[in-house]
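Data first, discussion second: the structure below is written as structure tokens.
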Amino acid sequence: MTCKKQGVQFNGTKEQEVALKEIISQLKDTKGSLMPIMQKAQDIYGYLPIEVQTIISDETGIPLEKIYGVATFYAQFALQPKGKYQVSVCLGTACYVKGSGDIFHKIEEILGITNGECTPDGKFSLDSCRCVGACGLAPVMMVNGEVYGRLTVDDVPGILAKYE
1 MTCKKQGVQF NGTKEQEVAL KEIISQLKDT KGSLMPIMQK AQDIYGYLPI EVQTIISDET
61 GIPLEKIYGV ATFYAQFALQ PKGKYQVSVC LGTACYVKGS GDIFHKIEEI LGITNGECTP
121 DGKFSLDSCR CVGACGLAPV MMVNGEVYGR LTVDDVPGIL AKYE
């Protein structure tokens, strides 16, 4: 099943915007300030949607294209919000050879999202990772840090149902 790209509506508050603009005014004249500004913005909003990137661009004079380039280059920045329940599937070698790819696809199918996305209701987000250090339990998935191991595709619906 192919997942359609679904966005979550931006729900930034006036207080968040004021906080961001205050940080920008404190840092914008400092050499190399873009990364710290973006990090603080992500701390405030939880992610860096285009609306937040635009505020940074408008307030600093840095072109939006550069800000977007930095946001997409560094793994620490998220362009989509994280869900209340953050689902992560290990796609490292041990997990992958034991079927984690199929588990990942089953989660995509059930949630209707793909890697790095969040369900429109904000309940679930899905990410892949390379190793959680539980190779003996392969294949492994986590929900908010709770590890589920020795999985089969048939286990996935029951695990996700716990969080409904």
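The numbering of the sequence shown is UniProt numbering, which starts it at 1 and goes up by one. C-beta atoms are modelled at their ideal positions from N, C-alpha and C, and glycine is treated no differently.
- For Tyr148, the enclosing beta strand (DSSP E) begins and ends at 146-148.
- For Gln86, the enclosing beta strand (DSSP E) has its first and last residue at 85-90.
- Under the three-state reduction of DSSP, Asp29 is assigned to coil, being neither helix nor strand.
- Counting C-beta atoms within 10 angstroms of its own C-beta, Ala161 has fewer than 16 neighbours from the protein chains shown and is therefore classed as exposed.
- A buried status is given to Gly92, since no fewer than 16 other beta-carbon atoms sit within 10 Å of its beta-carbon.
- Here DSSP, grouped into helix, strand and coil, assigns Val140 to coil.
- Here DSSP, grouped into helix, strand and coil, assigns Cys129 to strand.
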